[in-house]
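Heads up: the structure comes next, in structure tokens.
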Amino acid sequence: MASLRLHNVVKRFGDSTVIHGADLDVRDGEFVVFVGPSGCGKSTLLRMICGLEGITGGELYIGERRVNDVPAAQRGLAMVFQSYALYPHMTVRQNLAFGLENLRTPATEIESRVQAAAKMLRLDTLLERRPTQLSGGQRQRVAIGRAIVREPAIFLFDEPLSNLDAELRVAMRNEISALHRRLATTMIYVTHDQVEAMTMADRIVVLRAGRIEQIGAPLALYNHPANRFVAGFIGSPQMNFLDARIHARTNGAARVALDAAPADLSPAIRVADDVAADARVALGIRPEHVRLDPGGGDEIEVPVVIERVEQLGTASFVYARTADNALVTLHVAGQRPFGAGDTLVARLPIDRLHVFEASEEGRAITRQDAAASAHAAAR
Amino acid sequence: MFDRLARFVTRTHGRGAPDWTDWLTYAYLLLGLLLMFGPVVWMVLSSFKTPAALNAFPPSLLPYGQAEARVEGYDKPLPLFRAKLPDGSTRVLAEARRIGLVATMVDPQHPDEQFRVNIGDRQPERRFQLATGNYTEIFGKFDFGVYLWNSVFITAVATLITLLFNAMAAFALSKYRFRGRDGVLLLIISTLMIPPTIILVPNFLIVAQLGMLNSLWGVIWPAVATPTGVFLLRQYMLTIPDELIDAARMDNASEWRIFWRIVLPLSAPALAVLAIFSVMWRWNDFLWPLIVLSRSEKFTLQLALNAFQGELTTQWNYLLAMTVITLLPVTAVFALLQRHITTGIAASGVK
């Protein structure tokens, strides 16, 4: 068990920089998920932590020990690979024992640890099989078992569930979470699946193009995304974004005009103080917060035309377009008799709105005051 | 077993009765079988012939020997002939002696009865007979055991070293990233373009300087680094996922241990292919051993076969027997490992 600290960690391949100065503190026993679209550098970051990839700049500490130049084998970590990477010519038992044999562990100790891990992962009847004779879920468990027997300081998972079918993925997700509760070891888990991130993580690290965009607890990320990328990445279906312009601003609040209806001014929205009047912004709202009926509070009303409806039984997803052709997704409870071409008025509650700069970075400029947070938490 | 064989050799390309394409295919295959396998069969059968049978005209496919019979009153067995007698009848008679064109012949059943027969009027009585002496005698007559041992030693040791060295080179070239890796590979492959005869003299000078002339090691060392082998193994090792090697590194395995425990076992098909190639190359090698080995007790089988072909006379029966023995190991290795060849060649993408 150990904590992990990254200080301004940089990775360059030749001229291209893949990790631009990552800073991260992982507490002992924490379950941290790296999430981001493919190519964002999350796997590279993980490989740098475990030592399979060199570190170009910055500092990496495991516990109190600086491990920048310590080889992978001596960092005391164990990794579960995306492809499982089981040795195909060895039986399950040999696969589990290989790492311990390399450490010159006594044979009796190897045997007891292999038995314990096999029992924990329900592999005890499969010990003499070869990986090719196992199902996907069983292979996954062997890969995890191989990490467990080493009793590592930190577990690293590199998209371990991406090769499994949906049902098995949910089951394995629970198993890994249960494993974390039982072992209470620090775990770092890489995935591109935000559902895995939301369900398993103590804290999520969102990466994009080699930069850490935001670090926080799953719900903190969901409720208070730091920028437009995080807002769009966390949550399914995606958050809706509507282009708008700041019109008039008063103390800590502003009225905006949507591009869809430039003539109408919205009620006052809380924005940060440093936002210029007349600035371009994007209003973000999650599909489940868009209302069809008046909700009592201040709202922006946006007329939309339905393009497509997905009926899930318990809920309906309505995909509609505004006058300026922006896509608005609505998550409506129950079964509703909508059809393509129908016109609706989407109501965006002011207290649910996120405001982002229109720049590429898309920094969140929603005003975060105590009242708003408490309000959000109470809901 | 037999009905499976029968079903196999009567397969048609569609269901039901054979088509004309089937007949054509089988005719073509049969022709190929005759062309490829015929000479080998003839050689093996001929290796069991006596010198007389080898020189007989017209030649026979099966090894026949002169039939002989013991006749009362004669110490040695007498050769049997089918003779046409003056009265027009044909009888099987034994030749007692022969003077010029006339042979004195006796009936094996009635040794008292003698006939004088012109040798033009008789045909030797032939009988299927394996001259196994060809094989047993060469061991005593020549240093055949020594030649065999030399060949086996060179082939086995050179193949083992070839596999080890080429696998190590291929491992580095396929799994490590280092400056100039592609250049090194290109350099190795480009040596394929240089015919061995061109570097014969420099190679000889080096071997001579190292004092390995007339030593089996002088044949082994220059041959172990083969560009074909490195390339074949490298192409195969590229198909081993890097994640396996990363996993082994995380499992505290040293690079040497990764090579032994992970990469080598997983390269088995390619290693088998290279082993077959190497055995064939070393076993059939002629030119290089001919240059390095000049003392006859260091000869390999191929050199011995060559030396055995005398300037004036050649004892074909022994030569053929030695040739058959020379063929056996390669055939055996091929039969044992051929299962791997197709997978190995297919996977490594080289021939």
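The listed protein sequences correspond, in order, to chains A and B.
Residues in the first sequence are numbered consecutively from 1, following this note's numbering.
Residues in the second sequence are numbered consecutively from 1, following this note's numbering.
Think of the CB as a built atom: it goes at the ideal place given N, C-alpha and C, for glycine as much as any other residue.
It should be emphasised that the depicted structure is a prediction, and the values quoted were computed from it without experimental measurement.
Per DSSP, cross-strand counterpart(s) of residue i
i	result
residue 178 of chain B	Answer is none; residue 178 of chain B lacks a bridge partner.
residue 84 of chain B	B:90
residue 165 of chain A	According to DSSP, residue 165 of chain A bridges with nothing at all.
residue 285 of chain A	A:240
residue 132 of chain B	DSSP, once it has assigned bridges, lists no residue as partnering residue 132 of chain B.
residue 5 of chain A	A:25 and A:61
residue 366 of chain A	A:271
residue 352 of chain A	For residue 352 of chain A, which the question treats as bridged, DSSP gives no partner whatsoever.
residue 187 of chain A	A:31 and A:155
residue 11 of chain A	A:19
residue 118 of chain B	B:102
Contacts of residue i in chain B (Cβ-Cβ under 7 Å)
i	result
residue 14 of chain A	Within 7 Å Cβ-Cβ: nothing; residue 14 of chain A doesn't reach chain B, min ~12 Å.
residue 72 of chain A	249 and 250
residue 233 of chain A	Those within 7 Å of residue 233 of chain A in chain B number zero; the least Cβ separation is about 26 Å.
residue 229 of chain A	Residues of chain B passing the Cβ test: none, with the nearest at roughly 29 Å.
residue 99 of chain A	251 and 252
Option in the options with minimal Cα separation from residue i
i	options	result
residue 144 of chain B	B:330, B:195 and B:299	B:299
residue 130 of chain A	A:151, A:11, A:87 and A:155	A:87
residue 257 of chain A	A:83, A:267 and A:218	A:267
residue 282 of chain A	A:45, A:309, A:353 and A:104	A:353
residue 163 of chain B	B:85, B:264 and B:191	B:264
residue 57 of chain B	B:7, B:38 and B:124	B:124
residue 161 of chain B	B:173, B:181, B:226 and B:113	B:226
residue 219 of chain A	A:198, A:205, A:212 and A:229	A:198
residue 154 of chain A	A:269, A:328 and A:184	A:184
residue 63 of chain A	A:348, A:234, A:76 and A:288	A:76
residue 308 of chain A	A:104, A:103, A:293 and A:343	A:343
residue 254 of chain B	A:103, A:60, A:18 and A:251	A:103
residue 153 of chain B	B:221, B:321, B:273 and B:59	B:221
residue 151 of chain B	B:12, B:5 and B:283	B:283
Proximal residues to residue i (C-beta, below 6 Å), its chain only, five neighbours per side dropped
i	result
residue 363 of chain A	227 and 357
residue 24 of chain A	6
residue 48 of chain B	63, 130 and 131
residue 160 of chain A	80
residue 239 of chain A	231, 232, 284 and 286
residue 157 of chain A	80 and 189
residue 323 of chain A	260
residue 9 of chain B	none
Own chain, CB closer than 7 Å to residue i, minus 5 neighbours either side, in chain order
i	result
residue 126 of chain A	92, 134 and 138
residue 298 of chain A	267 and 350
residue 355 of chain B	Nothing about residue 355 of chain B can be reported from this structure: the residues present for chain B run from 1 to 351 only.
residue 311 of chain A	335
residue 378 of chain A	Any answer about residue 378 of chain A is weak, because its pLDDT of 40 lies below 50 and its placement is not dependable; what the coordinates show is given next. Hits under 7 Å: none found.
residue 164 of chain A	136, 137, 140 and 172
residue 295 of chain B	214
residue 310 of chain B	none
residue 180 of chain A	31 and 187
residue 72 of chain A	50, 51 and 52
Neighbour list for residue i in chain B, Cβ cutoff strictly below 8 Å
i	result
residue 102 of chain A	251, 252, 253, 254 and 257
Listed by chain order, chain A residues near residue i by CB distance under 9 Å
i	result
residue 246 of chain B	47, 50, 52, 72, 79, 81 and 85
residue 269 of chain B	Here the premise fails: no neighbours, minimum Cβ distance about 12 Å.
residue 266 of chain B	87, 88 and 89
Per-residue contacts from residue i into chain A (C-beta, under 8 Å)
i	result
residue 297 of chain B	Ordered by position in chain A, no residue passes the 8 Å Cβ test against residue 297 of chain B, which lies about 44 Å from the chain.
residue 188 of chain B	Ordered by position in chain A, no residue passes the 8 Å Cβ test against residue 188 of chain B, which lies about 25 Å from the chain.
CB contact below 7 Å: residue i versus chain C
i	result
residue 243 of chain B	No chain C is present in this structure, whose protein chains are A and B.
Cβ neighbours of residue i in the same chain (closer than 8 Å, five flanking residues each side left out)
i	result
residue 315 of chain B	51 and 308
residue 102 of chain B	116, 117, 118 and 119
residue 375 of chain A	Here residue 375 of chain A scores only 44 on pLDDT, less than 50, and its place in the model should not be relied on; the value that follows carries that caveat. Contacts found: 351.
residue 98 of chain A	87, 90 and 146
residue 319 of chain B	305, 308 and 309
Residues that residue i contacts on chain A, provided the C-beta gap is smaller than 7 Å
i	result
residue 262 of chain B	87
- Item | Residues of the segment 119 to 142 of chain A whose Cβ lies closer than 7 Å to any Cβ of chain B, in chain order | none
- Task: Closer than 8 Å, Cβ to Cβ, to anything on chain A: give me those residues from the segment 129 to 148 of chain B, in chain order.
- Result: none
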